[in-house]
Amino acid sequence: MQTPAEIDYARASSVDQAIALLEEHGEDARVIAGGHSLLPMMKLRLARPEWIIDINDLHELRAIRVEGGELVLGALTRHADVLESPVVGEHYPILVDAERVIADPVVRNRGTVGGSFCQADPAEDLAAVGSALRANVVIRSSSGTRTVPAREFHTGPYETEVGPAELLVEVRIPIRPSAGSAYEKVERRAGDWAIAAAGAFVELSGGVVSDVGIGLSAVGARHYCAAEAEGFLRGQAPTPENLAEAGRIAAEHCSPTSDQRGPADYKRHLVGELTKRALSRSVERAGGGA
Amino acid sequence: MQVTITVNGTQFTRDVEPRMLLVHFVRDELRLTGTHWGCDTSNCGTCVLWVDGEPVKSCTVLTVMADGHEVTTVEALAKGGQLDPVQQGFMEEHGLQCGFCTPGMMMTARWLLDRNPDPDEGTIREAISGQICRCTGYENIVRAIRWAAEHPAPAEEQAAEEVQA
Amino acid sequence: MTAVDETPAVPLSAAGNPIGFGRMLRKEDVRFVRGHGNYVDDIALPGMLHAAILRSPFAHATIVSIDTSAAEAHPKVKAVITGKLLETLKLAWMPTLSMDVQAVLATDKVRFHGQEVAFVVAEDKYSARDALELIDVEYEPLPAVVDAKKALDPGAPVIRDDIEGKTDNHIFDWEAGDKALADEVFAKAEVVVSQQMLYPRVHPSPMETCGTVASMDPITGKLTVWSTNQAPHAHRTLYAIVAGIPEQKIQIISPDIGGGFGGKVGIYPGYVLAVVGSIVTGQPVKWVEDRSENLMSTAFARDYHMNGSIAATRDGKILGLRVDVLADHGAFNGTAQPTKFPAGFFHIFTGSYDLQAAHCKVTGVYTNKAPGGVAYACSFRVTEAVYLVERMVDVLADELGMDPAELRLKNLLRPEQFPYTTKTGWEYDSGDYPRALRKAMDMAGYDQLRAEQAEKRTRGELMGIGISFFTEGVGAGPRKHMDILGLGMADGCELRVHPTGKAQIRLSVQSQGQGHETTFAQIVSHELGIPPEDVEVIHGDTDNTPFGLGTYGSRSTPVSGAAASVVSRGIRDKARIIAAAALEVSVDDLEWELGRWYVKGDPEKGKTISEIAMLSHGVLELPEGVEGHLDASVVYDPPNLTYPFGAYICVVDVDPGTGAVKVRRFIAVDDCGPRINPMIVEGQVHGGLADGVGMALMQLMAFDENGTHLGGSFMDYLLPSSMECPSWETGETVTPSPHHPLGVKGVGESATVGSPPAVVNAVIDALEPYGVRHADMPLTPANVWLAMQGRQLRNDLAVP
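Chains as they are written, first to last, in the numbering used here: chain A, 1102 to 1391; chain B, 297 to 461; chain C, 138 to 937.
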């Protein structure tokens, strides 16, 4: 069996202590929560941190709550927690849709919201959801907290705004009481990373789309979002033609690459199809019955 | 570093390398070899055991992360010489062939039934979807878990009644 | 041969088990469900060391130098072994199962990505892995042969320059059938259709990877090897030949095996290296590969590029079948098959149909990929044969505009044609094919499905119905025709009935999950009336079992099952003599009923097997020439293969917007003769059906242009989960084999062989509105989408 290289280990008992440990060990340290992305990389010896800072005891970060008109997901919230949360289901079915297709139930018992955001895999489902919902990511360091919009959080594949001595502590999603939302993913088999995926929320007002968010995964969309398609749809009637056109625009503006999951033009095709489907279900869930 | 982990109800204190994977602690240090491993990448689920009552893939957990926690393995499924209904169900419905994925499958099954004593086929299939079996085509694993649901142990039956009441 | 579909009920033992055939819970499960199996990696010996292998990052490269000094300086490292050291021991190369040689550790150059380069033995497995990183190998990369279709191009890099005089990558050409007759039939035929297809390279991927614990006792010279292997006796002989260790000093133990599927038939370099490691260090050495090593270096399956043609009359009478095959065998020709048949049993490709002529030609080539070809429940390449013919029949149905079920019913062999000799020389033993297909169609509700499909098509919905009818050839095989490396494929078997009437049966074959400990006890029970719980099955240990060729090619029941039956009948005959002596009657006066000999006309007077067993060990005076005790042994040489068959129907829905395929239903009617334990047989079928879904929809080992393996983990090499498999619908017909003592035919690989074309045919059928006639496996969403647009993809090469 593959085994990690030698490491040192520290378990943080508070957020401040975790940050202090990160400050102490700098670039040589990696935070571990669920570990399901980091440990396989360490076993392949592609990731070689010298220090592992375990944050699993920071129970205050494992929380789902509504606060100030926002749905707040603590960084240590397990995927299974999100999936089972009535509060999440009430406000954002897109999160339930997405969580149901992230890995598998046993992995979802360990994997965390913060871990998904920080791993920044180009095919990460929650990143697309965060972008679609224009969530904000709260990052803490010894000098305080700062809030970064999800659409600025990811700076590249496997790269985020989180600095070496910082900790992502929560993800805050504005609640839109009248919005409908949905997530659509095509995968080669259950639990696989997406070939392509699209998530959306839609708010309707006076027969037109008053607000919309579209997130894309695995297709090289900048910041996991489809801003041009959103721009087109805002103010338009949620007709099947307009939703399809939004899909077409989203497909045009992403940059998928060919790999074992499929050629780039297929992925681009999927973006159109899945964006349309996610929008259509969002409209339906918003009571618009597209 | 020194860890103290309760495994199947017994507390063990051992000196381990921080990098040691939990599956190796259980298998090599404690010689509880019922928990297997099959893939390195947390895709196959043959290494599933419980940490604090929840199934996890132990090839992707460091032993030190389990320090102070409770681990339960397949060896603790049978109680007082009596097989768990899940174990009996796997035998009754031919839910295993080579037996390699079986411990992990059964640990997830027991967890599922504890939370949902009467799962339908779809629920069972989803619960075991992160665990690969190459022999059974899953059909008889689903039937085995259904068998266990339909034949709860006496204590379980009582608990289920309490939940309903 | 009258076919009956009901297995007669048998009496039950005190424990409630059938005394003979019938559903019985598996005896081996008692340990498995408690986590008390004993797999290779569970073995821990005092002083045992742990090993790891350094592998090549290149598909083709010259080894300039290997510096092991830093690794050797690691405080926990006990030995670092390279090809150079092995050369001094004459162990750098080992024979393959195809009479080629394979490098144990590369000496001159590496020939595939993942090839074994160095071996480290250390005090623990973490240190062994650490030390791999301390070995410095300088490579000089060479151009790689990745595309099998270019392997024979003039100027292609020569992979096997280790073979003296080798100037190309050609391994063999092999033909079967009558080419002239086939050409004549094709020339006259009203309809001829051709189709190129690839059965891609796949990997059996049992959940347990391969591994070995080797322990050479430096005092006694006894070598004990616990390893993941499907053929312990053949391994013992091979170790004796390769390592020069006297065969009587070698004990091979196959403990519990976590699935084999053909991937654990051969000897891998790691096994030999563990032995060398133990010899060098004087301590037991354990080597267990990780999943990447398993996927990248152990035996793959298939990789057949096939160009088929089928000839028929306009009204759908199939006349002939031709196929040219390019077989990618990887860097060393290591396929397992009888020596006479370099393409295995592929020439069974005429399938289940009555043809006038057939011809196949197979060319094997070297490429810079891992060796193998015959693994993964393929019955020595019957998988490829069945896929070819069942796809060709659907291609013909498409050309003729005929329903594929109707076309099959029109051409299937008729029951009165058996025994039937095919145009390539196989003698099918028995069958009633139309009955099996009709039964499957009834179970599926075939006509309703077609009506539903027609209705759905009007709405643009894509639903497909796929049929596959297969004939398997299993139970290799008659000694005069079939061997592995010169070892004939006959199986020994020994039975001992102890004084109290309890028995032990010793098998040469060994289980990787098939349930031998139960099935073989039931065979003895069936023959002697001893309750199956009183029969202990001993297997997987060469010191304690008779010689035989092992478990693969669905051969355990056809060959060793027959041996178990014959040896039991020998005991029964001897018991008769002893009973006659005890009862003071003539043997001719005795009549057998299950478990007992009694006096004709006086049924009260008799002796049970248990009583006879005690008498045989006691002081009863036995007739002249009759030895005491109730033991017997036999070597069974099968007169022919057995030919199980089946009719499969798959129903799929395809999402026209995404290309995603959902298998909605799968109906499988199997005929493997009488079922010793119907529960176990059904389980074997289920597993193979899942294989079919996996191969048809997702499994693929692809390589990039440099020969880099792109499927080195379960994140990339996808196996079906519970979510992709439907709830299997199984049925049976029963046509006994006329030459097997129990009439049974073997079933382990039937479903793996038969199911892939059913799934593919269903998907292609769903895509009919798009004019799709063929698309290669795996039919991933992307590939389905490409097929819908009339685009084809080379699945074996990296996506462009």
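Every residue gets a Cβ at the ideal spot worked out from N, C-alpha and C, and that includes glycine. Since this is a predicted model, take the numbers as computed values, not measurements.
Identify the residues that DSSP records as bridge partners of C/Ser605: which are they? C/Tyr785
Counting only the same chain and skipping the five closest in sequence on each side, list residues whose C-beta sits under 6 Å from that of A/Asp1155. Arg1112 and Ile1133
List, in chain order, every chain A residue whose beta-carbon is nearer than 8 Å to that of B/Lys375. None at all; the shortest Cβ gap to chain A is about 23 Å.
Any Cβ of chain A within less than 8 Å of the Cβ of B/Ala445? Chain A, which has no Cβ nearer than 8 Å to the Cβ of B/Ala445, makes this no.
Are the stretch 350-365 of chain C and the stretch 388-398 of chain C touching by the rule of at least three beta carbon pairs closer than 8 Å? Flag = yes, the stretch 350-365 of chain C and the stretch 388-398 of chain C touch.
Decide if the stretch 640-651 of chain C is in contact with the stretch 249-260 of chain C; the criterion is three or more beta carbon pairs, one per stretch, under 8 Å apart. Below 8 Å, too few C-beta pairs join the stretch 640-651 of chain C and the stretch 249-260 of chain C to call them touching: fewer than three.
Provide the residue span of the alpha helix (DSSP H) that contains B/Trp443, from first to last. Glu435 to Glu446
From the DSSP output, in three-state form, read off B/Cys397 for me. coil
Using alpha carbons as the reference points, say which of C/Ala285, C/Cys630 and C/Ala293 lies closest to C/Leu279. That would be C/Ala293, whose Cα lies nearest to the Cα of C/Leu279.
Along the stretch 898-923 of chain C, where does the CB come closer than 9 Å to a CB of chain A? Name the residues. From the stretch 898-923 of chain C, only Pro915, Thr917, Pro918, Ala919, Asn920, Trp922 and Leu923 have a Cβ closer than 9 Å to chain A.
To the nearest angstrom, how far is the alpha carbon of A/Leu1227 from that of A/Ala1199? 7 Å
Nearest to C/Gly612 by CA position, among C/Leu686, C/Lys799, C/Ala377 and C/Thr558, is which residue? For C/Gly612, the closest of C/Leu686, C/Lys799, C/Ala377 and C/Thr558 by C-alpha to C-alpha distance is C/Leu686.
Listing by chain order, which chain B residues have their CB less than 8 Å from the CB of C/Pro343? Within chain B, the residues near C/Pro343 are Cys394, Phe396 and Arg430.
What separation, rounded to the nearest whole angstrom, lies between the Cα atoms of C/Arg575 and C/Met334? 28 Å
Can you round the beta-carbon distance between A/Gly1292 and A/Arg1211 to whole angstroms, since I take them to be within the 8 Å contact cut? Not a contact, Cβ separation roughly 14 Å.
One question on the structure: do A/Val1393 and A/Leu1172 come within less than 8 Å of each other, judged by their Cβ atoms? A question about residue 1393 of chain A goes unanswered here, because the residues of chain A that appear run from 1102 up to 1391.
Buried or exposed: where does C/Glu853 fall if 16 or more other Cβ atoms within 10 Å of its Cβ makes it buried? Per the sequence shown, the amino acid found at residue 853 of chain C is Asp instead of Glu. For C/Asp853, the number of other beta carbons within 10 angstroms of its own is at least 16, and it is reported as buried.
Kindly give me the distance between the Cβ atoms of A/Val1207 and B/Val352, rounded to whole angstroms, as I take these residues to be in contact under 8 Å. 6 Å
Whole angstroms is fine: what's the gap from A/Phe1218's alpha carbon to C/Thr845's? 31 Å
Along the chain, which unbroken stretches of the beta strand (DSSP E) at least 3 residues long are found entirely within the stretch 469-539 of chain C? 494-502
Would you mind working out which of C/Arg163, C/His676, C/Lys246 and C/Asp739 sits nearest C/Ser202, comparing C-alpha positions? C/Lys246
Which one or two residues does DSSP pair with C/Ile621 in a beta bridge? DSSP links C/Ile621 through a beta bridge to C/Leu624.
For my contact list, A/Thr1376 and A/Ala1351 are in at a C-beta cut-off of 8 Å; report their separation, rounded to the angstrom. 4 Å
What runs of the alpha helix (DSSP H), each 4 residues or longer, lie entirely inside the stretch 306-376 of chain C? 316-325
With distances taken Cα to Cα, identify the nearest neighbour of B/Ala445 among B/Thr342, B/Arg411, B/Thr432 and B/Pro399. Nearest option by C-alpha distance: B/Arg411.
Check the Cβ of A/Thr1178 against every Cβ in chain C and list those closer than 7 Å, keeping chain order. Near A/Thr1178 there are no residues of chain C at all, since even the closest Cβ is about 24 Å away, more than 7 Å.
Ends of the alpha helix (DSSP H) at B/Thr419? Element bounds for B/Thr419: Glu417 to Ala423.
Mapping DSSP to helix, strand and coil, what is C/Glu721? coil
Neighbour list for A/Ala1301 in chain C, Cβ cutoff strictly below 7 Å: None at all; the shortest Cβ gap to chain C is about 16 Å.
Sheet register partners of C/Glu275 (DSSP bridge): Note: C/Glu275 is bridge-paired with C/Ser202 in the DSSP secondary-structure output.
Interfacial residues, the stretch 844-864 of chain C to chain A, with Cβ spacing under 9 Å: Flagged, chain order: Leu847, Gly848, Ser850, Met852, Asp853, Leu855, Leu856, Pro857, Ser858, Ser859, Met860 and Glu861.
With DSSP as the reference, please indicate the residues paired to C/Ile447 in a beta bridge. C/Val330 and C/Leu458
Rounded to whole angstroms, how far is the Cβ of C/Phe398 from the Cβ of C/Gly509, which I believe are closer than 8 Å? Not a contact, Cβ separation roughly 12 Å.
Can you tell me whether A/Asp1198 is helix, strand or coil according to DSSP? helix
Give a yes or no on whether 8 Å exceeds the smallest Cβ distance from A/His1370 to chain C. Yes, because at least one Cβ of chain C sits closer than 8 Å to the Cβ of A/His1370.
Length of the line joining the Cα atoms of C/Ser331 and C/Arg812: 39 Å
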